[in-house]
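A.B. asks: Sequence order for the protein chains is A, B, C, D, E, F, G, H, I and J. The numbering used here applies: residue 1 is where the first sequence begins, and numbers increase by one. The numbering used here applies: residue 1001 is where the second sequence begins, and numbers increase by one. The numbering used here applies: residue 2001 is where the third sequence begins, and numbers increase by one. The numbering used here applies: residue 3001 is where the fourth sequence begins, and numbers increase by one. The numbering used here applies: residue 4001 is where the fifth sequence begins, and numbers increase by one. The numbering used here applies: residue 5001 is where the sixth sequence begins, and numbers increase by one. The numbering used here applies: residue 6001 is where the seventh sequence begins, and numbers increase by one. The numbering used here applies: residue 7001 is where the eighth sequence begins, and numbers increase by one. The numbering used here applies: residue 8001 is where the ninth sequence begins, and numbers increase by one. The numbering used here applies: residue 9001 is where the tenth sequence begins, and numbers increase by one. Backbone N, C-alpha and C define an ideal beta-carbon position, used for all residues, glycine too.
Number of protein chains: 10
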Amino acid sequence: MTVFKNRNDVTEAIVTTRVAKGLSWKSVADYIGHSKEWTTAACLGQMTFNAETAAKVVALFDLDASALAWLQVPPSKGSLSGNAPADPLLYRWYEIVSVYGPTIKELIHEEFGDGIMSAIDFNMNIEREPNPAGDRVRVTLSGKFLPYKAF
Amino acid sequence: MTVFKNRNDVTEAIVTTRVAKGLSWKSVADYIGHSKEWTTAACLGQMTFNAETAAKVVALFDLDASALAWLQVPPSKGSLSGNAPADPLLYRWYEIVSVYGPTIKELIHEEFGDGIMSAIDFNMNIEREPNPAGDRVRVTLSGKFLPYKAF
Amino acid sequence: MTVFKNRNDVTEAIVTTRVAKGLSWKSVADYIGHSKEWTTAACLGQMTFNAETAAKVVALFDLDASALAWLQVPPSKGSLSGNAPADPLLYRWYEIVSVYGPTIKELIHEEFGDGIMSAIDFNMNIEREPNPAGDRVRVTLSGKFLPYKAF
Amino acid sequence: MTVFKNRNDVTEAIVTTRVAKGLSWKSVADYIGHSKEWTTAACLGQMTFNAETAAKVVALFDLDASALAWLQVPPSKGSLSGNAPADPLLYRWYEIVSVYGPTIKELIHEEFGDGIMSAIDFNMNIEREPNPAGDRVRVTLSGKFLPYKAF
Amino acid sequence: MTVFKNRNDVTEAIVTTRVAKGLSWKSVADYIGHSKEWTTAACLGQMTFNAETAAKVVALFDLDASALAWLQVPPSKGSLSGNAPADPLLYRWYEIVSVYGPTIKELIHEEFGDGIMSAIDFNMNIEREPNPAGDRVRVTLSGKFLPYKAF
Amino acid sequence: MTVFKNRNDVTEAIVTTRVAKGLSWKSVADYIGHSKEWTTAACLGQMTFNAETAAKVVALFDLDASALAWLQVPPSKGSLSGNAPADPLLYRWYEIVSVYGPTIKELIHEEFGDGIMSAIDFNMNIEREPNPAGDRVRVTLSGKFLPYKAF
Amino acid sequence: MTVFKNRNDVTEAIVTTRVAKGLSWKSVADYIGHSKEWTTAACLGQMTFNAETAAKVVALFDLDASALAWLQVPPSKGSLSGNAPADPLLYRWYEIVSVYGPTIKELIHEEFGDGIMSAIDFNMNIEREPNPAGDRVRVTLSGKFLPYKAF
Amino acid sequence: MTVFKNRNDVTEAIVTTRVAKGLSWKSVADYIGHSKEWTTAACLGQMTFNAETAAKVVALFDLDASALAWLQVPPSKGSLSGNAPADPLLYRWYEIVSVYGPTIKELIHEEFGDGIMSAIDFNMNIEREPNPAGDRVRVTLSGKFLPYKAF
Amino acid sequence: MTVFKNRNDVTEAIVTTRVAKGLSWKSVADYIGHSKEWTTAACLGQMTFNAETAAKVVALFDLDASALAWLQVPPSKGSLSGNAPADPLLYRWYEIVSVYGPTIKELIHEEFGDGIMSAIDFNMNIEREPNPAGDRVRVTLSGKFLPYKAF
Amino acid sequence: MTVFKNRNDVTEAIVTTRVAKGLSWKSVADYIGHSKEWTTAACLGQMTFNAETAAKVVALFDLDASALAWLQVPPSKGSLSGNAPADPLLYRWYEIVSVYGPTIKELIHEEFGDGIMSAIDFNMNIEREPNPAGDRVRVTLSGKFLPYKAF
């Protein structure tokens, strides 16, 4: 087993091992004890684990012990490079796609197989979500799943 | 009143008139008879009106009659230029930000004032939405509203 | 009527007048005497008219006589800017999208209304088309039309 | 034989082995049981195999057994980076070039040798293809093959 | 006096009038009742005024009454286009330069004349600023002012 | 231990070793005898050590002796690539983010954990800092820390 | 007649007038007394006229007298923006396309009509051209002309 | 000797071996039996060899037998990435620089040593080259060779 | 005479008037009382005039009185957009080309006519220039002037 | 000792060995017999050595004999990628920064230590340098050295 020199190497090992072991993201999330969305993002190198969840990840994916520290270091996040929108409100949405996009891809494929969520047969709803710690913006997006078919 | 030479000019006239008249997007949507999300996107030049809704838009915003035809022509859509993600599933999310981003900005500001929807104090949920016409991907995003404050 | 200073101005006048008069591209093509694909590309400023077809365009769209010369000058073509693929075979396909893309958009909208041709529910066929003047590559693309729906 | 750590490594192995063995894409397609277009795209890492076709690929190209899982995971698709057109209809055509471009290159070369499909000596036809599951856009492109010649 | 069609036109009018009248940003801020930093950013089109401060701006800069509404609409913010850093923490700093950069330029020039704040003869300090509403990051940057000199 | 061929390799070794040993940047700074801000920037390859501090770095991180020379060579600095603002005053701020951004990221995470410094719940102050060697621009930035939370 | 404020405006007037008058570049060159290649490049704003040839241009294209001075000022040259090759020898070729490209386009169209010079059915020869003032590189490029055809 | 996994590796081996053996491109061309221009482009990975010339290349450069197949596969061509001109006629010239640029560089250096072909002390001639298989565009470029000199 | 709304408009007026009046930059510099290098840069909108020199500029170029204030406001500087080198030392040289490039172009053309300063027939010298206010870097660049010649 | 496969590998070996041996560029230049500016540029892979100086470089830096040929092959030059100015005169200055920038960085650091040459406390002089082989442009740049200081 190799000593890990950075978080990227740990992420690659997790990705490779998950496929080799045939683990679903849902099962990883159940084992870790967080939502499938946060768990996937964290395993893909976008979030920071605490000592307890890092240890579970090391165990589940048979990682070298040197992964333990890297999983607890705040990683460099985001997957999109290129011209981002300058407006801060618009940018936060671009950032969501940048930080959570690979997670969304993994989870849609896990649930539906290869294909996309349509942006044409699509609707959305934006509403206020009252919250004592400060109201939230709640956005619901619904797009038809369109599968790739072999021909 | 000027004769409109393309859809962009119609969009600019709508945007200018809406602010001058102090109309909320919600009230425009109620008048048009569609959701505030679709109505705003359409008024910002991203969607195509039918004859009936186009006539309502012309009336509500006191537009020159030449707007009537332009509102019914499928427009050139999208607001993001720059390096888009190549993967089709990821691209559909980038496209949602490109096509609906200005709508989201307008509607969050209308409901909350100036500020952003946080991508840090944030969570998301991805689930299957059964539908006889083909199952859909339903994604719910929740982010705390953070206001800009004068200092 | 304004004297035209370049081909772009002629193109904009055609685009504006076609919508104002409610002419379909198909009817323009029948009047000009070429396919709807070539006619649309030419009217959008991508192809060169000869003296006879240029005169028809001037008449159909009530253009100033100065348009007659500009319609017969080979125009600056293409609509895509950005990183193109370096390989010559791949580039030719990128060029087809660049030169004929706006034509494809117009004609699909004319036939189907607002929406897209799916690249997911999609198949293609590549075959040799024997031709005494040199064999040709014949590619057939078939994608489901997906309409935008108001919500 | 090396254990594969991701789909890219599997794709490179297929590409290398195909040339070394002198297999045509047509023969691979016949063996897999799909069209030459889908088969080539899939072997180039753009499509997902099912268990049965993945096993055939592993056998045909003498791949390590670890390839079996990777061939069944939806891959990251697309080969074009750079400024894509923002309009969704135009983008779908750009995506076709991005996802299927390398496939088109392989199959034209397999049929005609080194050269290009002309975008100048070229014509196209766009038509409605009626289909009970939703009408389709059928586009036929025909371009003369132009060979590179040694000099 | 012209009717304003968007916030940009209002901003340009403020910028032109301020120089013509010889008003300092400090004096504008005193009149408006906010800090010179916020006031400058707001006058440069990055912040939203309330009804009271918008009225003061209209009066101070002799703007057409149509400016009143535009000054109260959340504007499109940011001045930097190009590749932004993907990491959210780094991006927030890039955003500060994008949103407040022109303000910083104005205020340094107002205080020191033409020149720059050195990034070489420079030091910085990062510390925790306890706050009952949530602790804050307090960063102090100090750079020598270097004047341009005519030669 | 490997002989270092350039400064980048030394930087990577420091980064890896710091995490493996669990050293805080604050403790490294105390050992080196400089501020945590300068020390972090220097360890991340942005500043030049003198003979004395280079020796301490080699000792603290158990580096091969060949690191000693590289740590004393002025490095290639900056971490941002892409369109920078052309104006020299604005550029110096962009440069601060480019040279010190990774340092800021490390030190905020060390003090607060994973999260960001808000650019929305934010204020700033620009003032003259008198100095006999030439007056300085002193800028104080204060932004609320917003933590990432697992969900 | 308008007073010209810069060279670009003069160039646009020449381009418009040439088409309106139906003058060939060859006839302009004969009138000016230089090659068709240099004359076209100069008329397109890439070269500097002397007093005598500038006067001829003003007369031939009925330009306002203010054009006389602008035609004798060395212009800002080049038409290509984007990533240029860094190597100086390669760059000179990129510069030839940038400075003379629009000239080549005009002259090929004038001789052959709309179409392209093939880069596939193409050959080239590079040789030393002895010259007492310093030997020259002589490159001969030959590409088949491929016409666009209406369909 | 290593088994070649793609054409790039074959190209690198040719480039390295040619310098090590001190072979001129002219001598390689004589051995292969084609022009020095085509031969250099082909050896640099831009053209496809037939069975006979591929065998000569393998022999001349002492390549592993696995190179034989790769040299006969149409390669991915072109060396320029970045914004290409959209117009098809201009693009073909950009493509010539992209595909043949490295060849031009090699052959000018072989004939003249290190330096450039001037784009300033430069002239060009464009003419029709009658040809029964279709007339050709013949362009002659002549630029003074300017040597780099040590100082 | 038009009222100036920003510095760019003033710069354009200076550029137009200088050519119309046939004034050399040298004569402008003598009139202003600064070097030809600083004067040209300032007139091209890169430097700030004081009250006295601004008044001279207004008089010399017959500008509207509103130019007086704009000439004394520190302008937005720089002419290069695109990827700048990240290293601060290298960037300063890029900035010199960005801020002073148009000045260098004007002055070389004024002295030599149309052409370039060679970067091939070129040499440079870097030396320390002792100075009680802090030593300076003195760099001398010498490149042969190469004229464009009509052909 | 490794056999060198290209010039880049030779350059990296020189850079590594120079630091390891503690050789100044000045001493290398004295040994080679050229200016420190040309010598540094050549050692950094921008210039071509002749047989005699190549042999000295191999000896001084203990390089494998295979370096001898590579040092005498004209290298691929330039270090700047991105949008270059299109105008040929401006481009030559951009090219100077691209080709000689790393040399300037090395030599300023060797003479002054870590820091920059100011582009603010800066002046320049452009003059004609008479020369029987063709007059030259002589440009003298003087900028204050600003050191980085640890804090």
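#1: Using the beta-carbon count (16 or more within 10 Å), is asparagine 6050 of chain G buried or exposed?
#2: Would a C-beta distance cut-off of 8 Å place leucine 8146 of chain I and isoleucine 8116 of chain I closer than the cut-off?
#3: Does DSSP classify threonine 5140 of chain F as helix, strand or coil?
#4: If you follow the alpha helix (DSSP H) that alanine 2055 of chain C is part of, which residue opens it and which one closes it?
#5: How far does the alpha helix (DSSP H) with serine 6098 of chain G in it reach, from first residue to last?
#6: Which same chain residues end up closer than 6 Å to alanine 3059 of chain D when comparing Cβ atoms and leaving out the 5 residues on each side of it in sequence?
#7: In whole angstroms, give me the CA-to-CA distance for glutamine 5072 of chain F and tryptophan 5025 of chain F.
#8: Please go through the same chain and pick out, in chain order, the residues whose beta-carbon is closer than 7 Å to the beta-carbon of threonine 4002 of chain E, but skip the five residues on each side of it.
#9: Please state the DSSP three-state secondary structure of serine 8118 of chain I.
#10: Closer than 8 Å between beta carbons: that is the criterion. Which residues of the stretch 7104-7121 of chain H meet it against chain I?
#11: Compare the C-beta of phenylalanine 2145 of chain C against all C-beta atoms of chain D and say whether one is closer than 8 Å.
#12: How would you list, in chain order, the residues of chain I whose beta-carbon sits under 7 Å from the beta-carbon of leucine 5080 of chain F?
#13: Considering only their Cβ atoms, is the gap separating phenylalanine 1122 of chain B from alanine 1067 of chain B smaller than 8 Å?
#14: Can you check DSSP and say which residues form a bridge with glutamate 7127 of chain H?
#15: For glycine 45 of chain A, I'd like the list of residues in its chain whose CB is within less than 7 Å of its CB, leaving aside the five on either flank, ordered along the chain.
#16: Along the chain, where does the alpha helix (DSSP H) containing leucine 2068 of chain C start, and where does it finish?
#17: Alpha carbon to alpha carbon, how far is isoleucine 4047 of chain E from isoleucine 5120 of chain F?
#18: Quick one: measure Cβ to Cβ for tryptophan 6093 of chain G and glycine 7101 of chain H, integer angstroms, because I've assumed they're closer than 8 Å.
#19: Using a 10 Å radius around the Cβ and a threshold of 16 neighbouring Cβ atoms, would you call alanine 133 of chain A buried or exposed?
#20: Rounding to the nearest angstrom, what Cα-Cα distance links aspartate 135 of chain A and glycine 1113 of chain B in this structure?
#21: Against chain D, with Cβ distances strictly below 8 Å, would proline 7074 of chain H count as a contact?
#22: Are there 16 or more other CB atoms within 10 angstroms of the CB of glutamate 8037 of chain I, so buried, or fewer, so exposed?
#23: What residues in its chain sit with their C-beta under 6 Å from that of alanine 8054 of chain I, if we drop five residues either side in the sequence?
#24: Near serine 8142 of chain I, what residues of its chain come up, given a Cβ to Cβ distance below 8 Å and the 5 sequence neighbours on each side ignored?
#25: Give the residues of chain E in contact with valine 157 of chain A, contact being defined as C-beta atoms less than 8 Å apart.
#26: Let me make sure I understand the geometry here. Which of E:Phe4151, E:Lys4144, E:Ala4150 and E:Lys4149 has the alpha-carbon closest to that of tyrosine 9148 of chain J?
#27: Under the three-state reduction of DSSP, which class applies to asparagine 3008 of chain D: helix, strand or coil?
#28: With distances taken between CB atoms, is the gap from alanine 9029 of chain J to threonine 9103 of chain J smaller than 8 Å?
#29: In whole angstroms, give me the CA-to-CA distance for glycine 33 of chain A and leucine 1023 of chain B.
#30: Out of C:Val2019, C:Lys2021 and C:Ser2035, which has the shortest C-alpha to C-alpha gap to isoleucine 3126 of chain D?
#31: Spell out whether any CB of chain F is found under 8 Å from the CB atom of arginine 4018 of chain E.
#32: With distances taken Cα to Cα, identify the nearest neighbour of leucine 9089 of chain J among H:Glu7095, H:Ser7118, H:Glu7111 and H:Asn7083.
#33: Which chain E residues sit within Cβ distance under 7 Å of tryptophan 5093 of chain F?
#34: Taking Cβ positions only, does glycine 4045 of chain E come closer than 8 Å to chain I?
#35: How should arginine 128 of chain A be labelled, buried or exposed, when 16 other C-beta atoms within 10 angstroms of its C-beta is the threshold for buried?
#36: Which chain A residues are close to phenylalanine 2061 of chain C, counting only those with a beta carbon under 8 Å from its beta carbon?
C.D. replies: In brief:
#1: As a first step, residue 6050 of chain G is located in the seventh sequence; it is residue number 50 there, counting from the start. It counts as exposed.
#2: Here residue 8146 of chain I corresponds to residue number 146 of the ninth sequence, with the count starting at 1. Here residue 8116 of chain I corresponds to residue number 116 of the ninth sequence, with the count starting at 1. The answer is yes: Cβ separation under 8 Å.
#3: Locating residue 5140 of chain F in the sixth sequence gives position 140, where the first residue counts as 1. Threonine 5140 of chain F falls in the strand class under three-state DSSP.
#4: Position 55 of the third sequence holds residue 2055 of chain C. Where alanine 2055 of chain C is concerned, the enclosing alpha helix (DSSP H) stretches over 2051-2060.
#5: Residue mapping note: residue 6098 of chain G aligns to position 98 of the seventh sequence, counting from 1. Its alpha helix (DSSP H) spans residues 6088-6112.
#6: Walking along the fourth sequence from the start, residue 3059 of chain D turns up at place 59. Closer than 6 Å at the Cβ level, and outside the excluded window around alanine 3059 of chain D, lies no residue.
#7: For the purposes of this step, residue 5072 of chain F is taken as the residue at position 72 of the sixth sequence. For the purposes of this step, residue 5025 of chain F is taken as the residue at position 25 of the sixth sequence. Roughly 20 Å separates the two Cα atoms.
#8: In the fifth sequence, counting from the first residue as 1, residue 4002 of chain E sits at position 2. Closer than 7 Å at the Cβ level, and outside the excluded window around threonine 4002 of chain E, lie Asp4064.
#9: One-based indexing of the ninth sequence puts residue 8118 of chain I at position 118. Of the three classes helix, strand and coil, the one that applies to serine 8118 of chain I here is strand, per DSSP.
#10: Gly7115, Ile7116, Ser7118, Ile7120 and Asp7121
#11: Looking up residue 2145 of chain C in the third sequence gives position 145. Chain D, which has a Cβ nearer than 8 Å to the Cβ of phenylalanine 2145 of chain C, makes this yes.
#12: Residue 5080 of chain F sits at position 80 when you count from the first residue of the sixth sequence. Within 7 Å Cβ-Cβ: Ala8086.
#13: The residue labelled residue 1067 of chain B in the question sits at position 67 within the second sequence. The residue labelled residue 1122 of chain B in the question sits at position 122 within the second sequence. No, the Cβ-Cβ distance between alanine 1067 of chain B and phenylalanine 1122 of chain B is not below 8 Å.
#14: In the eighth sequence, the residue the question calls residue 7127 of chain H occupies position 127. Its beta-bridge partners are H:Arg7138.
#15: Position 45 of the first sequence, counting from 1, holds the residue named residue 45 of chain A. Closer than 7 Å at Cβ, skipping near neighbours: Arg7, Asn8, Thr11 and Pro75.
#16: Stepping through the third sequence from its first residue, residue 2068 of chain C is reached at position 68. Looking at the DSSP string, the run of the alpha helix (DSSP H) that includes leucine 2068 of chain C is 2067-2070.
#17: What you label residue 4047 of chain E is simply residue 47 of the fifth sequence in a count that begins at 1. What you label residue 5120 of chain F is simply residue 120 of the sixth sequence in a count that begins at 1. Note on residue identity: the sequence assigns methionine, not isoleucine, to residue 4047 of chain E. Approximately 11 Å, taken between the alpha carbons.
#18: Position 93 of the seventh sequence holds residue 6093 of chain G. Position 101 of the eighth sequence holds residue 7101 of chain H. That belief holds up - the Cβ atoms of tryptophan 6093 of chain G and glycine 7101 of chain H are roughly 6 Å apart, short of 8 Å.
#19: Reading the first sequence from its first residue, position 133 is the one you call residue 133 of chain A. The residue is exposed, with fewer than 16 neighbouring Cβ atoms inside 10 Å.
#20: Here residue 135 of chain A is taken as the residue at index 135 of the first sequence, counted from 1. Here residue 1113 of chain B is taken as the residue at index 113 of the second sequence, counted from 1. Cα-Cα distance, rounded: 12 Å.
#21: Mapped onto the eighth sequence, residue 7074 of chain H falls at position 74. Output row for proline 7074 of chain H: interface = yes.
#22: Position 37 of the ninth sequence, counted from the first residue, corresponds to residue 8037 of chain I. Classification for glutamate 8037 of chain I: buried.
#23: The residue you call residue 8054 of chain I lines up with position 54 of the ninth sequence. Excluding sequence neighbours, alanine 8054 of chain I sits near Leu8068, Leu8071 and Gln8072.
#24: For this step, residue 8142 of chain I is matched to residue 142 along the ninth sequence. Phe8122, Asn8123 and Met8124.
#25: Since the displayed chain A opens at 1 and closes at 151, residue 157 of chain A lies outside it and no answer follows.
#26: Within the tenth sequence, residue 9148 of chain J is the residue found at index 148, counting from 1. Considering only alpha carbons, the answer is E:Lys4144.
#27: The residue labelled residue 3008 of chain D in the question sits at position 8 within the fourth sequence. The answer is helix: DSSP assigns asparagine 3008 of chain D an H, G or I state.
#28: Walking along the tenth sequence from the start, residue 9029 of chain J turns up at place 29. Walking along the tenth sequence from the start, residue 9103 of chain J turns up at place 103. Cβ distance not < 8 Å, so alanine 9029 of chain J and threonine 9103 of chain J don't count as in contact.
#29: Within the first sequence, residue 33 of chain A is the residue found at index 33, counting from 1. Within the second sequence, residue 1023 of chain B is the residue found at index 23, counting from 1. Computed Cα separation, rounded: 47 Å.
#30: Position 126 of the fourth sequence, counted from the first residue, corresponds to residue 3126 of chain D. Out of C:Val2019, C:Lys2021 and C:Ser2035, C:Ser2035 has the C-alpha closest to the C-alpha of isoleucine 3126 of chain D.
#31: Sequence index remark: in the fifth sequence, residue 4018 of chain E carries index 18 (1-based). Not an interface residue.
#32: On the tenth sequence, position 89 is the one that residue 9089 of chain J refers to. Per the Cα distances, H:Ser7118.
#33: Numbered from 1 along the sixth sequence, position 93 holds the residue referred to as residue 5093 of chain F. Near tryptophan 5093 of chain F (Cβ distances below 7 Å), the residues of chain E are Val4097, Gly4101 and Ile4104.
#34: In the fifth sequence, the residue the question calls residue 4045 of chain E occupies position 45. Not an interface residue.
#35: On the first sequence, residue 128 of chain A is found 128 positions in, with the first residue counted as 1. It counts as exposed.
#36: For this step, residue 2061 of chain C is matched to residue 61 along the third sequence. The contacting residues do not exist; phenylalanine 2061 of chain C stays about 32 Å from chain A at best.
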